[in-house]
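J.: Sharing a structure here in structure tokens format.
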Amino acid sequence: MRILHTADWHLRAESPDRLRVLEVLRDVLDRESVDVLLIAGDLFDSPQAAHRLRPDLRRYFESLQRPVLLIPGNHDEEAFLEGIDLGQNVRLLGTEPVELEGVLFDGLWFRRSQRAVRELDRIQARWSGDAPVVLLAHVSFYQRTPRWHNRDLVEHEGLAPGQDCPLLAEDLADREIAYLALGHWHQYAATRAGLIPVVYPGTPVPLGESELGPRYVVLLEPTPSGPFSFRPLPLQGVPEIRSVRRFIWGDEAPALEQLEQLLAGGEPHVRLRVRLEGYLSGSEKAFRARLEALRGAYADRWAEVMIDFTPRQVPDSLWPVLRALQELSPPAALGPSWWQAYLEEPLWRWVEELSGESIHRRALQYLVNALLEQA
Numbered sequence: 562m563r564i565l566h567t568a569d570w571h572l573r574a575e576s577p578d579r580l581r582v583l584e585v586l587r588d589v590l591d592r593e594s595v596d597v598l599l600i601a602g603d604l605f606d607s608p609q610a611a612h613r614l615r616p617d618l619r620r621y622f623e624s625l626q627r628p629v630l631l632i633p634g635n636h637d638e639e640a641f642l643e644g645i646d647l648g649q650n651v652r653l654l655g656t657e658p659v660e661l662e663g664v665l666f667d668g669l670w671f672r673r674s675q676r677a678v679r680e681l682d683r684i685q686a687r688w689s690g691d692a693p694v695v696l697l698a699h700v701s702f703y704q705r706t707p708r709w710h711n712r713d714l715v716e717h718e719g720l721a722p723g724q725d726c727p728l729l730a731e732d733l734a735d736r737e738i739a740y741l742a743l744g745h746w747h748q749y750a751a752t753r754a755g756l757i758p759v760v761y762p763g764t765p766v767p768l769g770e771s772e773l774g775p776r777y778v779v780l781l782e783p784t785p786s787g788p789f790s791f792r793p794l795p796l797q798g799v800p801e802i803r804s805v806r807r808f809i810w811g812d813e814a815p816a817l818e819q820l821e822q823l824l825a826g827g828e829p830h831v832r833l834r835v836r837l838e839g840y841l842s843g844s845e846k847a848f849r850a851r852l853e854a855l856r857g858a859y860a861d862r863w864a865e866v867m868i869d870f871t872p873r874q875v876p877d878s879l880w881p882v883l884r885a886l887q888e889l890s891p892p893a894a895l896g897p898s899w900w901q902a903y904l905e906e907p908l909w910r911w912v913e914e915l916s917g918e919s920i921h922r923r924a925l926q927y928l929v930n931a932l933l934e935q936a
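Offset between the sequence shown (1-based) and our numbering: plus 561.
Structure, rendered in structure tokens:
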């Protein structure tokens, strides 16, 4: 059985980009010969959107001609509690498990300000037999208790601060779960809790400026060595937000050349965000005019282009220091593996530019700023 995992569509009538993804997903389901579609919460952006779009979504799910298993999220739970009907192909998980072709599917709903482990203990009691379990959950997953949680409160009272619903890796110890299909965080991320794959597919379209990069769904396929393997599938043709940051070390020409090369390779579905910062040797007014000319020349190659520049001022006495720092190479200690421990807390803090070179560059920026404050 081939399974497609997605989440966090946040559909609403006034956001056509989000509605267009329905046909993109249909193409993926057909192309990959998917048998079952999983939606791990927040299909709708609000209960009101759920009721308004229900007829359209019912027709859509019926046209897919395959089972759709889903749970509500923190945005649309009210609509599902009221019994919204999305057609005979759709099964709402959480009250009882569903078994399809020898795989048991169950659902863990978002419980505001509560640890998810309590609900997990309750629903696990109804699992029986040897069928592999695929669990859908709309939660915040952490490898360990986050620093901003009060550990005594979380461990002893079963509560969580604010609006969170945390699930910790230790909560999954000794549980027979073949795949944990998560929703709630909007960026693709995958890790393991022991042997359990723990995966967020992210939103199929970006909902805000922080949701950078390609959008994904996740395909589960049977394997001879275990129940499933999984791999992210990039969604083609959906909007994408791409952020590029550059620091200018007092020589505008290379920065402008690199920017023009970037803009010339336009991608029509990408909303490009270019953020420049640094020190200019020439006129700021002329530099900004050149930036606007480049943006105008290549804007039609992108869905949208935004270029922002934050200038820094350097006294003449510090220019030699600045140029000397620019020529330094990153130390070997900042190799490609140094950052991996940071993926544990929390998972959604994915790394946009965590290379040794970029971290070294940022450290030099801080050093130069400190020198300027003392100048």
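A virtual CB, placed ideally from N, CA and C, is assigned to each residue, including glycine. This structure is a prediction, so every number in the text was calculated from the model and none was measured.
Measuring only the C-alpha atoms, how far is V664 from F808?
T.: V664 and F808: Cα-Cα distance of roughly 52 angstroms.
J.: Residues in the same chain with beta-carbon distance under 7 angstroms from F641, minus the five sequence neighbours each way, listed in chain order, please.
T.: Contacts found: P633 and L653.
J.: Based on the DSSP secondary-structure assignment, which residues constitute the bridge partners of M867?
T.: Answer is R834.
J.: What would DSSP say about S790, mapped onto helix, strand or coil?
T.: Correct three-state label for S790: strand.
J.: Run through DSSP, which three-state label would G857 get?
T.: It is helical.
J.: Between the region 778 to 797 and the region 810 to 822, are three or more C-beta pairs nearer than 8 angstroms?
T.: Because the criterion of three Cβ pairs below 8 angstroms is not met, the region 778 to 797 and the region 810 to 822 do not touch.
J.: Using the C-alpha atoms, what's the distance from L590 back to Q797?
T.: Rounded to whole angstroms, Q797 to L590 spans 13 angstroms at the Cα level.
J.: With which residues is L661 paired in a DSSP beta bridge?
T.: V664.
J.: Report yes if the CB atom of R862 is closer than 9 angstroms to the CB atom of L824, and no otherwise.
T.: Taking 9 angstroms as the Cβ cut-off, R862 and L824 qualify as a contacting pair.
J.: Relative to the C-alpha of W570, which candidate in A751, V766 and Q649 has its C-alpha closest?
T.: For the residues A751, V766 and Q649, the minimum Cα distance to W570 belongs to V766.
J.: Below 8 angstroms on the Cβ atoms is my contact criterion, and I expect L572 with L604 to pass it. Report the Cβ-Cβ distance as a whole number of Å.
T.: Contact holds; Cβ gap of about 6 angstroms.
J.: How far does the alpha helix (DSSP H) with R807 in it extend, from its first residue to its last?
T.: No alpha helix (DSSP H) contains R807, which is instead part of the beta strand (DSSP E) from E801 to W810.
J.: Would you give the residue range spanned by the beta strand (DSSP E) that E782 belongs to?
T.: Where E782 is concerned, the enclosing beta strand (DSSP E) stretches over Y777 to T784.
J.: So, are the CB atoms of R836 and S786 less than 9 angstroms apart?
T.: Their beta carbons are not under 9 angstroms apart, which means R836 does not touch S786 by this criterion.
J.: To the nearest angstrom, report how far apart N650 and Q748 are at their CA atoms.
T.: Cα to Cα, the separation comes out at about 28 angstroms.
J.: Alpha carbon to alpha carbon, how far is A734 from P616?
T.: Cα to Cα, A734 sits roughly 42 angstroms from P616.
J.: Using the Cβ count rule (16 or more neighbours within 10 Å means buried), how would you classify D606?
T.: Burial call: buried.
J.: First and last residue of the alpha helix (DSSP H) that includes V589?
T.: Element bounds for V589: P577 to R592.
J.: Buried or exposed: where does A816 fall if 16 or more other Cβ atoms within 10 Å of its Cβ makes it buried?
T.: Counting Cβ neighbours within 10 Å, A816 comes out buried, since at least 16 surround it.
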